[in-house]
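With positions in the sequence shown counted from 1, the corresponding number in the numbering used here is that position plus 4.
We treat Cβ as the ideally placed atom computed from N, Cα and C, and that holds for glycine.
Treat the numbers as computed from the prediction; the structure is a model and nothing was measured.
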Amino acid sequence: MSGSSAMAADSESVIPWRSSPAVRVGLSLGIATGLYGISFGALSIAAGLTFWQTQALSALMFTGGSQFAFIGVLSGGGGGAAALGAASLLGVRNTVYGMTMNALLRPQAWRKLIAAQVTIDESNAAASAQPTFLERKRGFWVAGVSVFLLWNLFTAVGALLGDAVGDPGQWGLDGAAVAAFLGLLWPRLREREPLAIAVVCGVVTALCIPLVPSGIPVLVAAVVALTWGLLGARATRKRARS
5 MSGSSAMAAD SESVIPWRSS PAVRVGLSLG IATGLYGISF GALSIAAGLT
55 FWQTQALSAL MFTGGSQFAF IGVLSGGGGG AAALGAASLL GVRNTVYGMT
105 MNALLRPQAW RKLIAAQVTI DESNAAASAQ PTFLERKRGF WVAGVSVFLL
155 WNLFTAVGAL LGDAVGDPGQ WGLDGAAVAA FLGLLWPRLR EREPLAIAVV
205 CGVVTALCIP LVPSGIPVLV AAVVALTWGL LGARATRKRA RS
């Protein structure tokens, strides 16, 4: 293919923002996850944190599992060090996401700092589900930025209204977030190996839930999936050499 033909093919593959699947997925995740910030805001105030301390956690820590773990330890009578330790442990997965997204998206200069802050479950999932580099970038940034803005906005709402808003779980928001993730995962389960990985990781997660603290089963499942992928890649390279 000539250079002009390649450029034409690339231009034809560019999807407008208004019809981009990555943008739709990113916004859906942003809304579903951001609304759940109401619960964090209310629970954080109930745990004894001030409004500004609550907002600082959402803006700076910005990872839901770690934030809920932090206030959970505090509300249970634990100290600040124990709360920070629990939050840090649950945040380990974002380090793995960060390495993956850095290799996938190759952000430069100041964008790398912002990308590090918005590297979470949702932005990683939205990017990984896309077939092209441009759509992966869109999915990552739209999901990451929309979750960040809405999570902080609704954290403030929950902190100000407190018990008046109740538990967002009763509105089905927890189900909405799960449904959004399943929507991302489903197209990848049409092949045998991804389906097998999903089943194995699901079983591992279910077995770990009664044995380890909240959030750790996901990390264990991620290690299983990563190990599977590495072993599979090694086997593929060996077959290619032979």
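* Asked: If you follow the alpha helix (DSSP H) that Pro198 is part of, which residue opens it and which one closes it?
  -> Mapped onto the sequence shown, residue 198 falls at position 194. Pro198 -> alpha helix (DSSP H) spans 196-212.
* Buried/exposed call for Val27, threshold 16 Cβ in 10 Å -> If you number the sequence shown from 1, residue 27 lands on position 23. It is buried - the Cβ of Val27 has at least 16 other Cβ atoms within 10 Å.
* Asked: So what does DSSP say about Tyr101, is it helix, strand or coil?
  -> Within the sequence shown, numbered from 1, the residue matching residue 101 stands at position 97. The answer is helix: DSSP assigns Tyr101 an H, G or I state.
* Hey, out of Leu165, Thr123, Arg243, Gly166, whose CA is closest to Ala147's CA? -> Your numbering for residue 147 matches position 143 in the sequence shown. Here the closest residue by C-alpha is Thr123.
* Report yes if the CB atom of Gly166 is closer than 8 angstroms to the CB atom of Ser43, and no otherwise. => Within the sequence shown, residue 166 is the residue found at index 162, counting from 1. Within the sequence shown, residue 43 is the residue found at index 39, counting from 1. No, these two residues do not count as a Cβ contact at 8 angstroms.
* Proximal residues to Met11 (C-beta, below 7 angstroms), its chain only, five neighbours per side dropped -> Along the sequence shown, one-based indexing puts residue 11 at 7. Its pLDDT being 41, under 50, Met11 is placed unreliably by the model, and the measurement read from it follows with that caveat. Nothing meets the Cβ criterion.
* To do: State the DSSP-derived secondary structure class of Val325, mapped to helix, strand or coil.
  => Residue 325 lies beyond the residue range present for the chain, which begins at 5 and ends at 246; the question has no answer from this structure.
* To do: Output the distance between the C-alpha atoms of Ala225 and Leu93, rounded to the nearest integer angstrom.
  => The count along the sequence shown starts at 1 and reaches residue 225 at position 221. The count along the sequence shown starts at 1 and reaches residue 93 at position 89. Whole-angstrom Cα-Cα distance: 15 angstroms.
* For Arg110, three-class secondary structure by DSSP -> Sequence index remark: in the sequence shown, residue 110 carries index 106 (1-based). DSSP places Arg110 in coil when its eight states are reduced to three.
* Using the Cα positions of Leu108 and Arg245, report the straight-line distance between them to the nearest angstrom. => Taking the first residue of the sequence shown as position 1, residue 108 is located at position 104. Taking the first residue of the sequence shown as position 1, residue 245 is located at position 241. Roughly 26 angstroms separates the two Cα atoms.
* Trp56 versus Phe66: straight-line alpha-carbon distance, rounded -> Reading the sequence shown from its first residue, position 52 is the one you call residue 56. Reading the sequence shown from its first residue, position 62 is the one you call residue 66. In a straight line, the C-alpha of Trp56 is about 14 angstroms away from that of Phe66.
* Cβ-based neighbour list, Gln134, same chain, cut-off 6 angstroms, excluding 5 preceding and 5 following -> Start at 1 with the first residue of the sequence shown, and residue 134 comes out as number 130. Same-chain partners within the cutoff: Ala26, Arg140, Gly143.
* Whole-Å CB distance - Asn128 paired with Thr104, under 8 angstroms assumed -> Looking up residue 128 in the sequence shown gives position 124. Looking up residue 104 in the sequence shown gives position 100. Indeed they touch by this definition, with Cβ atoms about 7 angstroms apart.
* Asked: Between the C-alpha atoms of Arg243 and Gly236, what's the straight-line distance to the nearest angstrom?
  -> The residue you call residue 243 lines up with position 239 of the sequence shown. The residue you call residue 236 lines up with position 232 of the sequence shown. Cα-Cα distance, rounded: 11 angstroms.
* Return the residue from the list Leu117, Asn98, Leu153 that minimises the CA-CA distance to Ile35. => For this step, residue 35 is matched to residue 31 along the sequence shown. If we check each option's Cα against that of Ile35, Leu153 comes out closest.
* Output yes or no for whether 8 angstroms exceeds the beta carbon distance between Ser62 and Ala91. => Counted from its first residue, the sequence shown places residue 62 at position 58. Counted from its first residue, the sequence shown places residue 91 at position 87. Not a contact, by the Cβ cut-off of 8 angstroms.
* Asked: Taking the alpha-carbon positions, what's the Leu215 to Val207 distance?
  -> Reading the sequence shown from its first residue, position 211 is the one you call residue 215. Reading the sequence shown from its first residue, position 203 is the one you call residue 207. Taking the straight line joining both Cα atoms gives about 13 angstroms.
* Which residues in the same chain have their Cβ closer than 6 angstroms to the Cβ of Pro221, if we skip the five residues on either side of it in sequence? -> Position 217 of the sequence shown, counted from the start, is the residue given in the question as residue 221. Once the five neighbours on either side are set aside, the close Cβ partners of Pro221 are Thr209, Cys212, Ile213.
* **Own chain residues within Cβ distance below 7 angstroms of Leu138, not counting five before or after** => Numbered from its first residue, the sequence shown carries residue 138 at position 134. Around Leu138: Val18.
* Note the first and the last residue of the continuous alpha helix (DSSP H) segment covering Ser132. => The sequence position of residue 132 within the sequence shown is 128, counting from 1. 125-132 is the extent of the alpha helix (DSSP H) around Ser132.
* Kindly indicate which residue of Thr37, Glu195, Pro111 has the alpha-carbon position closest to the one of Gly68. => For the purposes of this step, residue 68 is identified with residue 64 of the sequence shown, where counting begins at 1. Checking every option, the nearest Cα to that of Gly68 belongs to Thr37.
* What three-state label does DSSP hand Ala215 in the structure shown? -> Locating residue 215 in the sequence shown gives position 211, where the first residue counts as 1. The residue you asked about is not Ala; residue 215 is Leu in the sequence shown. Of the three classes helix, strand and coil, the one that applies to Leu215 here is coil, per DSSP.
* To do: Assign Ala46 to one of two classes, buried (16 or more other C-beta atoms within 10 Å of its C-beta) or exposed (fewer than that).
  => Within the sequence shown, the letter at position 42 stands for residue 46. Under this definition Ala46 is a buried residue.
* Is the distance from the Cβ of Gly52 to the Cβ of Ala130 below 8 angstroms? -> Walking along the sequence shown from the start, residue 52 turns up at place 48. Walking along the sequence shown from the start, residue 130 turns up at place 126. Not in contact: Gly52 and Ala130 (Cβ atoms no closer than 8 angstroms).
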